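For the record, in the sequence shown the residue sitting at position 230 is 922 according to our numbering, with numbers rising by one throughout.
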Amino acid sequence: MVSPRGLPVALDLVNPGRSAVPGLSTVQRAGVGRAIVGASDECRAAGRVPVVKTGPMTDAQPSADRRLAAQALAAGDPTGWFEPLYAEAAAGTSTVPWDRDVANPLLVDWLRTATPSRGTRAVVIGCGYGTDAEFVASQGIRTTAFDVSPTAIRGARARFPNSPVTYRVADLLDPPPSWLHAFDLVIESITVQSLPSDIRARAITGIRDLLAPDATLLVIADIGTTPGTTGPPWPLTRADIDSFTTPDLALVRVEAIPRPDVSGLRRWRAEFHRPPRAVD
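Printed below as a string of C-alpha coordinates:
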(Lines of atoms letter the chains of each structure in order from A and count residues from 1; the text may use other names and numbers.)
(Lines give C-alpha, C1' and ligand atoms only; values in the text may rest on other atoms or scores of the structure.)
Protein backbone atom coordinates (compact mmCIF):
# COMPACT_ATOMS: atom_id res chain seq x y z
CA MET A 1 0.00 0.00 0.00
CA VAL A 2 1.26 3.50 -0.82
CA SER A 3 0.31 7.00 0.22
CA PRO A 4 -0.85 9.65 -2.26
CA ARG A 5 2.75 10.88 -2.35
CA GLY A 6 3.97 7.43 -3.35
CA LEU A 7 5.58 6.66 -0.01
CA PRO A 8 5.14 3.24 1.57
CA VAL A 9 2.37 3.06 4.15
CA ALA A 10 1.89 0.49 6.90
CA LEU A 11 -1.27 0.10 8.94
CA ASP A 12 -1.05 0.06 12.72
CA LEU A 13 -4.23 -1.59 14.00
CA VAL A 14 -3.90 -0.26 17.53
CA ASN A 15 -6.23 2.26 19.07
CA PRO A 16 -4.71 5.69 19.61
CA GLY A 17 -3.92 6.52 23.20
CA ARG A 18 -2.52 9.21 25.42
CA SER A 19 1.05 10.35 25.67
CA ALA A 20 2.57 11.08 29.04
CA VAL A 21 5.37 13.27 27.70
CA PRO A 22 5.55 16.35 29.91
CA GLY A 23 4.22 19.40 28.13
CA LEU A 24 2.82 17.42 25.20
CA SER A 25 -0.86 17.50 24.32
CA THR A 26 -2.45 14.44 22.74
CA VAL A 27 -4.10 14.59 19.33
CA GLN A 28 -6.98 12.11 19.04
CA ARG A 29 -7.48 10.44 15.68
CA ALA A 30 -10.52 8.55 14.48
CA GLY A 31 -10.48 4.92 13.42
CA VAL A 32 -8.06 2.10 14.06
CA GLY A 33 -6.27 1.80 10.71
CA ARG A 34 -3.65 4.49 11.21
CA ALA A 35 -1.26 5.18 8.35
CA ILE A 36 2.44 5.32 9.14
CA VAL A 37 4.27 7.21 6.40
CA GLY A 38 8.04 7.50 6.03
CA ALA A 39 9.57 10.62 7.55
CA SER A 40 12.07 11.47 4.84
CA ASP A 41 10.71 15.03 4.44
CA GLU A 42 12.16 15.93 7.83
CA CYS A 43 15.46 14.32 6.88
CA ARG A 44 15.68 16.35 3.68
CA ALA A 45 14.83 19.52 5.58
CA ALA A 46 17.76 18.83 7.89
CA GLY A 47 20.13 19.01 4.92
CA ARG A 48 21.10 15.37 4.86
CA VAL A 49 23.41 13.89 2.26
CA PRO A 50 22.31 10.86 0.20
CA VAL A 51 23.08 7.44 1.65
CA VAL A 52 22.99 3.86 0.45
CA LYS A 53 20.08 2.00 2.04
CA THR A 54 20.84 -1.31 3.67
CA GLY A 55 18.79 -4.49 3.59
CA PRO A 56 17.28 -6.40 6.50
CA MET A 57 19.40 -8.87 8.40
CA THR A 58 18.49 -12.49 7.73
CA ASP A 59 19.81 -15.82 8.90
CA ALA A 60 20.27 -16.80 5.25
CA GLN A 61 22.85 -14.02 4.83
CA PRO A 62 25.64 -14.27 7.42
CA SER A 63 25.95 -10.75 8.79
CA ALA A 64 28.90 -8.70 9.90
CA ASP A 65 27.17 -7.76 13.13
CA ARG A 66 26.92 -11.38 14.27
CA ARG A 67 30.51 -12.11 13.27
CA LEU A 68 31.84 -9.05 15.08
CA ALA A 69 29.55 -9.53 18.08
CA ALA A 70 30.80 -13.09 18.52
CA GLN A 71 34.39 -11.83 18.51
CA ALA A 72 33.61 -9.07 21.02
CA LEU A 73 31.71 -11.41 23.35
CA ALA A 74 34.56 -13.91 23.24
CA ALA A 75 36.88 -11.08 24.28
CA GLY A 76 34.59 -10.10 27.16
CA ASP A 77 33.60 -6.79 25.55
CA PRO A 78 29.84 -6.97 24.83
CA THR A 79 29.67 -3.48 23.30
CA GLY A 80 32.97 -3.78 21.46
CA TRP A 81 31.47 -4.80 18.13
CA PHE A 82 29.63 -1.59 17.27
CA GLU A 83 32.66 0.49 16.30
CA PRO A 84 34.19 -2.25 14.09
CA LEU A 85 30.84 -2.68 12.35
CA TYR A 86 30.48 1.03 11.59
CA ALA A 87 34.14 1.19 10.57
CA GLU A 88 33.63 -1.67 8.10
CA ALA A 89 30.52 0.07 6.77
CA ALA A 90 32.47 3.30 6.32
CA ALA A 91 35.08 1.35 4.38
CA GLY A 92 32.38 -0.20 2.21
CA THR A 93 33.06 -3.78 3.28
CA SER A 94 29.92 -4.28 5.41
CA THR A 95 26.51 -2.75 5.97
CA VAL A 96 24.75 -1.69 9.15
CA PRO A 97 21.61 -3.86 9.11
CA TRP A 98 19.42 -1.50 11.15
CA ASP A 99 20.23 1.64 9.17
CA ARG A 100 17.25 3.04 7.29
CA ASP A 101 16.66 6.12 5.16
CA VAL A 102 13.59 7.08 7.23
CA ALA A 103 12.89 7.26 10.94
CA ASN A 104 11.41 4.26 12.71
CA PRO A 105 7.68 4.35 11.83
CA LEU A 106 6.69 3.30 15.35
CA LEU A 107 8.52 6.37 16.67
CA VAL A 108 7.08 8.62 13.96
CA ASP A 109 3.52 7.51 14.65
CA TRP A 110 3.89 7.84 18.43
CA LEU A 111 5.55 11.25 18.43
CA ARG A 112 3.13 12.75 15.94
CA THR A 113 0.26 12.20 18.38
CA ALA A 114 1.58 15.07 20.49
CA THR A 115 2.74 18.65 20.18
CA PRO A 116 5.98 19.32 22.06
CA SER A 117 6.17 22.19 24.48
CA ARG A 118 8.95 24.71 24.30
CA GLY A 119 12.03 23.45 26.12
CA THR A 120 11.32 19.71 26.02
CA ARG A 121 14.66 17.88 26.27
CA ALA A 122 15.05 14.51 24.54
CA VAL A 123 17.84 11.98 24.22
CA VAL A 124 18.03 9.26 21.57
CA ILE A 125 20.00 6.22 22.73
CA GLY A 126 22.25 4.35 20.30
CA CYS A 127 21.45 6.84 17.55
CA GLY A 128 23.64 5.34 14.82
CA TYR A 129 23.57 7.59 11.77
CA GLY A 130 20.94 9.83 13.33
CA THR A 131 17.75 9.32 11.33
CA ASP A 132 15.51 8.92 14.39
CA ALA A 133 17.18 11.82 16.18
CA GLU A 134 16.62 14.13 13.22
CA PHE A 135 12.93 13.32 13.19
CA VAL A 136 12.65 14.03 16.92
CA ALA A 137 14.40 17.38 16.44
CA SER A 138 12.11 18.21 13.50
CA GLN A 139 9.19 18.18 15.96
CA GLY A 140 10.62 21.17 17.82
CA ILE A 141 12.26 19.11 20.57
CA ARG A 142 15.71 19.98 21.87
CA THR A 143 17.50 16.74 21.03
CA THR A 144 20.70 15.05 22.14
CA ALA A 145 21.71 11.77 20.51
CA PHE A 146 24.58 9.46 21.31
CA ASP A 147 26.28 6.29 20.21
CA VAL A 148 29.20 4.29 21.55
CA SER A 149 30.72 4.26 18.05
CA PRO A 150 32.77 7.32 17.06
CA THR A 151 32.43 6.32 13.40
CA ALA A 152 28.63 6.31 13.71
CA ILE A 153 28.64 9.80 15.21
CA ARG A 154 30.95 11.09 12.49
CA GLY A 155 28.57 9.55 9.96
CA ALA A 156 25.55 11.24 11.56
CA ARG A 157 27.24 14.64 11.50
CA ALA A 158 28.25 14.14 7.87
CA ARG A 159 24.81 12.90 6.86
CA PHE A 160 23.07 15.86 8.54
CA PRO A 161 25.55 18.75 8.28
CA ASN A 162 22.98 21.40 9.24
CA SER A 163 21.49 19.44 12.11
CA PRO A 164 20.13 21.02 15.31
CA VAL A 165 20.83 17.72 17.12
CA THR A 166 23.70 17.54 19.61
CA TYR A 167 25.57 14.36 18.67
CA ARG A 168 27.89 12.81 21.23
CA VAL A 169 30.05 9.72 21.58
CA ALA A 170 28.94 8.13 24.85
CA ASP A 171 28.38 4.74 26.46
CA LEU A 172 24.96 3.83 27.84
CA LEU A 173 26.70 1.69 30.46
CA ASP A 174 28.69 4.73 31.66
CA PRO A 175 26.86 7.92 30.63
CA PRO A 176 28.20 11.42 31.34
CA PRO A 177 27.29 12.48 34.90
CA SER A 178 25.63 15.66 33.58
CA TRP A 179 23.04 13.51 31.79
CA LEU A 180 21.72 11.82 34.90
CA HIS A 181 18.03 12.71 35.43
CA ALA A 182 18.41 15.38 32.72
CA PHE A 183 15.87 14.49 29.99
CA ASP A 184 12.11 14.87 29.66
CA LEU A 185 11.91 12.25 26.90
CA VAL A 186 14.20 9.24 26.53
CA ILE A 187 13.93 7.21 23.33
CA GLU A 188 15.29 3.67 23.30
CA SER A 189 14.79 2.02 19.92
CA ILE A 190 16.34 -1.45 19.29
CA THR A 191 19.48 -0.75 21.33
CA VAL A 192 18.87 -2.96 24.36
CA GLN A 193 18.11 -5.89 22.07
CA SER A 194 21.61 -5.56 20.62
CA LEU A 195 23.10 -6.33 24.05
CA PRO A 196 23.38 -9.83 25.54
CA SER A 197 21.20 -10.75 28.48
CA ASP A 198 23.98 -10.66 31.06
CA ILE A 199 24.34 -6.87 30.74
CA ARG A 200 20.71 -6.08 29.93
CA ALA A 201 19.80 -5.12 33.51
CA ARG A 202 22.73 -2.71 33.64
CA ALA A 203 21.70 -1.15 30.33
CA ILE A 204 18.10 -0.72 31.50
CA THR A 205 19.32 0.93 34.69
CA GLY A 206 21.39 3.31 32.57
CA ILE A 207 18.30 4.20 30.56
CA ARG A 208 16.19 4.88 33.65
CA ASP A 209 18.92 7.09 35.08
CA LEU A 210 18.57 9.49 32.16
CA LEU A 211 14.95 10.32 33.05
CA ALA A 212 14.16 13.58 34.81
CA PRO A 213 11.14 13.85 37.12
CA ASP A 214 7.88 13.97 35.13
CA ALA A 215 9.63 12.37 32.14
CA THR A 216 8.62 9.75 29.59
CA LEU A 217 10.51 6.73 28.29
CA LEU A 218 9.64 5.19 24.93
CA VAL A 219 10.95 1.68 24.22
CA ILE A 220 10.77 0.04 20.79
CA ALA A 221 12.09 -3.50 20.38
CA ASP A 222 11.64 -6.72 18.48
CA ILE A 223 9.38 -9.19 20.28
CA GLY A 224 10.95 -12.32 21.70
CA THR A 225 9.02 -15.26 23.08
CA THR A 226 11.85 -17.09 24.83
CA PRO A 227 14.99 -15.70 26.48
CA GLY A 228 18.48 -16.75 25.48
CA THR A 229 18.12 -16.82 21.69
CA THR A 230 21.17 -16.51 19.46
CA GLY A 231 21.95 -12.94 18.54
CA PRO A 232 22.33 -10.19 17.84
CA PRO A 233 19.63 -9.21 18.04
CA TRP A 234 18.32 -10.64 21.30
CA PRO A 235 14.61 -9.69 21.11
CA LEU A 236 12.85 -8.57 24.28
CA THR A 237 10.26 -10.72 26.00
CA ARG A 238 7.29 -9.24 27.85
CA ALA A 239 9.22 -9.87 31.06
CA ASP A 240 12.06 -7.75 29.68
CA ILE A 241 9.62 -4.92 28.97
CA ASP A 242 8.20 -5.17 32.49
CA SER A 243 11.72 -5.03 33.93
CA PHE A 244 11.96 -1.35 32.97
CA THR A 245 9.41 -0.52 35.67
CA THR A 246 10.37 0.57 39.17
CA PRO A 247 8.39 2.16 42.00
CA ASP A 248 9.06 5.54 40.37
CA LEU A 249 8.71 4.46 36.71
CA ALA A 250 5.30 3.16 35.67
CA LEU A 251 4.27 1.36 32.50
CA VAL A 252 1.66 3.52 30.79
CA ARG A 253 0.98 1.41 27.72
CA VAL A 254 2.51 -1.49 25.80
CA GLU A 255 1.58 -2.47 22.25
CA ALA A 256 2.60 -5.28 19.92
CA ILE A 257 2.63 -3.71 16.47
CA PRO A 258 3.26 -5.41 13.10
CA ARG A 259 6.54 -4.39 11.51
CA PRO A 260 5.87 -2.57 8.23
CA ASP A 261 9.17 -3.77 6.74
CA VAL A 262 9.11 -7.49 7.65
CA SER A 263 5.95 -9.51 7.13
CA GLY A 264 4.80 -11.61 10.07
CA LEU A 265 7.00 -9.95 12.70
CA ARG A 266 5.96 -7.48 15.39
CA ARG A 267 7.67 -5.01 17.68
CA TRP A 268 6.97 -3.80 21.18
CA ARG A 269 6.18 -0.14 21.64
CA ALA A 270 6.10 0.59 25.35
CA GLU A 271 5.61 3.92 27.08
CA PHE A 272 6.68 4.58 30.66
CA HIS A 273 6.31 7.63 32.88
CA ARG A 274 8.23 8.91 35.86
CA PRO A 275 6.09 11.05 38.19
CA PRO A 276 6.95 14.64 39.07
CA ARG A 277 9.22 15.22 42.02
CA ALA A 278 7.24 15.50 45.23
CA VAL A 279 6.95 19.00 46.64
CA ASP A 280 8.10 19.28 50.26
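Note that beta-carbon positions come from the ideal geometry of N, C-alpha and C, so glycine has one too.
None of these values were measured; they are calculated from a predicted model.
Where residue i falls: helix, strand or coil (DSSP)
i    : result
D793 : coil
P905 : strand
F852 : coil
P770 : coil
I845 : helix
P776 : helix
A942 : strand
D801 : helix
A862 : coil
Inter-residue Cα distance where the pair is residue i and residue j
i    : j    : result
W790 : Y821 : 10 Å
A942 : P925 : 26 Å
L910 : V944 : 10 Å
T750 : D866 : With a pLDDT of only 39 at T750, under the threshold of 50, the placement of this residue in the model should not be trusted, and no figure is reported.
V788 : W773 : 12 Å
D876 : L902 : 9 Å
A948 : A962 : 9 Å
F852 : D801 : 22 Å
G847 : R900 : 27 Å
Unbroken alpha helix (DSSP H) run spanning residue i, endpoints
i    : result
S830 : T823 to S830
R930 : R930 to D934
N-terminal and C-terminal residue of the beta strand (DSSP E) that residue i is part of
i    : result
R892 : Looking at the DSSP string, R892 is not in any beta strand (DSSP E); the run it does join, the alpha helix (DSSP H), is R892 to R900.
R834 : R834 to D839
T812 : Here T812 belongs to no beta strand (DSSP E), and DSSP marks it neither H nor E.
R959 : R958 to H965
S755 : No beta strand (DSSP E) contains S755, which DSSP labels as neither H nor E.
S870 : Per DSSP, S870 belongs to no beta strand (DSSP E) and is neither H nor E.
I879 : F875 to S881
Residue i vs residue j beta-carbon contact at 7 Å
i    : j    : result
L928 : A904 : no
T918 : I817 : no
D793 : L777 : no
R951 : I915 : no
I933 : V954 : no
R860 : R834 : no
A779 : T843 : yes
A837 : C819 : yes
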